[in-house]
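If you read the protein sequences in the order shown, they are chains A and B. Per the working numbering, numbering of the first sequence is gapless, rising by one per residue and ending at 209. Per the working numbering, numbering of the second sequence is gapless, rising by one per residue and ending at 1209.
There are 2 protein chains.
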Amino acid sequence: MSSAADVTPAGRVSGIDKIERRRIALAESALKTLGELGYARTSLREIANNSEFTHGVVHYYFRDKIDLISYCVRYYKTKCAQRYDEVVETATTPDELGAGFLAKMTQTLVEETAMHRLWYDLRAQSMFEEQLRADVVAIDQLLEEMIWRILSRYAELLGAKPSVDAATAYALMDGLFEQAVVAFADDPTGAPERLVQRVGQVLPKLITT
Amino acid sequence: MSSAADVTPAGRVSGIDKIERRRIALAESALKTLGELGYARTSLREIANNSEFTHGVVHYYFRDKIDLISYCVRYYKTKCAQRYDEVVETATTPDELGAGFLAKMTQTLVEETAMHRLWYDLRAQSMFEEQLRADVVAIDQLLEEMIWRILSRYAELLGAKPSVDAATAYALMDGLFEQAVVAFADDPTGAPERLVQRVGQVLPKLITT
DNA sequence: GCAAAGTCTTGACGACTGTCAAAGAACGGG
DNA sequence: CCCGTTCTTTGACAGTCGTCAAGACTTTGC
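This is the structure:
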């Protein structure tokens, strides 16, 4: 498992980078705990216990709990942004793009279940805690753009055009994905296959030839 | 404001009914607080404070916190089940059904924002707390059937058939609605209109003439 | 009208939370 | 090597949480 807190080849890190690396290391550890327990049940002490640090260190690098969570969310954002970009860039046929998209979708559903659970949790929490709202909105925007890149490229390869706007397309795909995440949490059996079947059902309806 | 704990005209209530009425009154009060604060920030004392009862009463009628929340969820379920049934039964043309559906959808978005926020919160929590899972799954099932009644009736009035299965249709509609609820929580301006526009965009694509 | 059952209030408990401050360790420049 | 800065540990704080129990009040059955 690679850590983002690796030192440079020179063995030294500049001061500002060092504290940034600590923050990243803490965020990664916190995300692991958050994904396991959810926002409500995760305490700073629990985060510290599941890491190599003590609970005092957390407060040395983050002003308070919201600051930490907020940082985690922003850090997480950078990871899921370009998850599908490779598929979009390499696919040369509609089928290839569709298959690649579905494959990546089920892969992330299975391999990063905890992160997705956490995302839907945090999005719900943002409706009650306005301090989370800005970060959540930003991630939603990012995901919407990602879906739009896929859909418009898919239409382009078919010599067609998307028949819905970006926000609608994202809401539809997200609805299917969240359903799969909830179902997967309840019983992993068959959830990925059902997701593939349903997305495959819907995707052709979102373009006009 | 009518309470579900009204006494019968005779002024007496049977023993079993009385405790059931208390539970309902407590659940309604709890739902108000839950919708305002969300699952994580709602304590039993807060529920009691926002009601006419003391915190001891809560524990007299409910074994523990999960028992109360679970009861609230089941109680809430019965209210949203037949929300759209009237529209389905009275509409005689596709446009009438579509318009009625959209009108009810935006109405409940605006008037019952808190309840919807709570629902998406609880569904997310159910992925971490398995005690909530059964109730959440039951409600999801109910909502899926509701959407299916609308869509299949809509298709019927058009002399057509739905082009997606019930689970897919529900996931799509739910994705659009959740997007609207989140957007509405952030900024109520225009969210209902955007929801109408998007659902109107999608609905025709879910049937094959 | 009295005893028994049911209902409610009050106060307490142990555990947990976020936050902070003071003491200690590690480190780097002089 | 030593001293000042940076980092870390530890322990404590005030508050809140869910839970429970002992007693007071109310209703019911006879």
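Just so it is clear, CB atoms sit at the ideal spot from N, CA and C, and this is done for glycine as well.
Check	Outcome
Starting from the C-beta of Thr54/A, find all residues in its chain whose C-beta is less than 7 Å away, skip the five residues before and the five after it, and write them out in chain order.	Ala48
Mind pulling the chain A residues with CB within less than 7 Å of Leu1037/B?	Phe128
Take Ala1169/B as the anchor and find which of Asp1064/B, Ser1043/B, Asp1140/B and Leu1037/B has the nearest alpha-carbon.	Asp1140/B
For Thr1033/B, which residues of its own chain have a beta-carbon under 7 Å away from its beta-carbon, when the five flanking residues on both sides are left out?	Thr1042, Glu1046, Ile1047 and Asn1050
Which of the three DSSP states, helix, strand or coil, is assigned to Thr1108/B?	helix
Along chain A, in chain order, which residues have C-beta atoms closer than 9 Å to that of Asp1121/B?	Asp121, Ala124, Gln125, Met127 and Phe128
Output the distance between the C-alpha atoms of Thr1199/B and Ile1207/B, rounded to the nearest integer angstrom.	A quick correction: the sequence has Val, not Thr, at residue 1199/B. Rounded to whole angstroms, Val1199/B to Ile1207/B spans 13 Å at the Cα level.
In the segment 1166 to 1180 of chain B, which residues sit with their C-beta less than 9 Å from some C-beta in chain A, listed in chain order?	Ala1167, Thr1168, Tyr1170, Ala1171, Leu1172, Met1173, Asp1174, Gly1175, Leu1176, Phe1177, Glu1178, Gln1179 and Ala1180
Given Leu1037/B, which residues of its chain have a CB within under 8 Å of its CB, disregarding the five upstream and five downstream residues?	Glu1046
Among the residues of its own chain, which have a CB less than 7 Å from the CB of Arg133/A, if the five just before and after it don't count?	Ser126
Cutting at 8 Å between CB atoms, please list the residues of its own chain near Val73/A, excluding the five before and the five after it.	Leu122, Leu132, Asp135, Val136 and Ile139
From the DSSP output, read off the bridge partner residues of Pro1162/B.	Ile1207/B
I want to see whether chain A comes within less than 8 Å of Asp1135/B, judged by CB atoms only; does it?	no
Pick helix, strand or coil for Tyr1084/B, following the three-state DSSP scheme.	coil
Using a beta-carbon distance below 8 Å, is Ala27/A in contact with chain B?	no
Should Val1058/B be labelled buried (16 or more other beta-carbon atoms within 10 Å of its own) or exposed?	buried
Select from Thr1113/B, Val1088/B, Thr1189/B and Gly1175/B the residue whose C-alpha is nearest the C-alpha of Glu1156/B.	Val1088/B
Note down, in chain order, each residue of its chain lying with its Cβ closer than 6 Å to the Cβ of Ala183/A, except the 5 sequence neighbours on either side.	Ala191
For my contact list, Gly35/A and Met105/A are in at a C-beta cut-off of 8 Å; report their separation, rounded to the angstrom.	At roughly 18 Å, the Cβ-Cβ gap does not stay under 8 Å, so Gly35/A and Met105/A are not in contact.
To the nearest angstrom, report how far apart Arg149/A and Glu1086/B are at their CA atoms.	40 Å
Where Leu1203/B and Asp17/A are concerned, what is the direct C-alpha to C-alpha distance, given to the nearest angstrom?	51 Å
Run down chain B in chain order and give the residues with a C-beta less than 7 Å from the C-beta of Asp186/A.	Arg1133 and Val1137
Report yes or no: is there a C-beta of chain A within less than 8 Å of the C-beta of Arg1198/B?	yes
To the nearest angstrom, how far is it from the Cα of Leu1195/B to the Cα of Met1173/B?	10 Å
Would you say Lys205/A lies against chain B (beta-carbon separation less than 8 Å)?	yes
Out of curiosity, what's the CA-to-CA distance linking Thr189/A and Ala1027/B?	35 Å
Run down chain B in chain order and give the residues with a C-beta less than 8 Å from the C-beta of Arg117/A.	Ala1124, Met1127 and Phe1128
My output table needs one value for Glu129/A: the three-state DSSP class, helix, strand or coil.	coil
Would Arg45/A count as contacting chain B if we go by Cβ distances under 8 Å?	no
Note down the Cα distance separating Leu1097/B from Tyr1154/B, rounded to an integer number of angstroms.	7 Å
Whole angstroms are fine: how far does the CA of Arg1021/B sit from the CA of Ala1124/B?	29 Å
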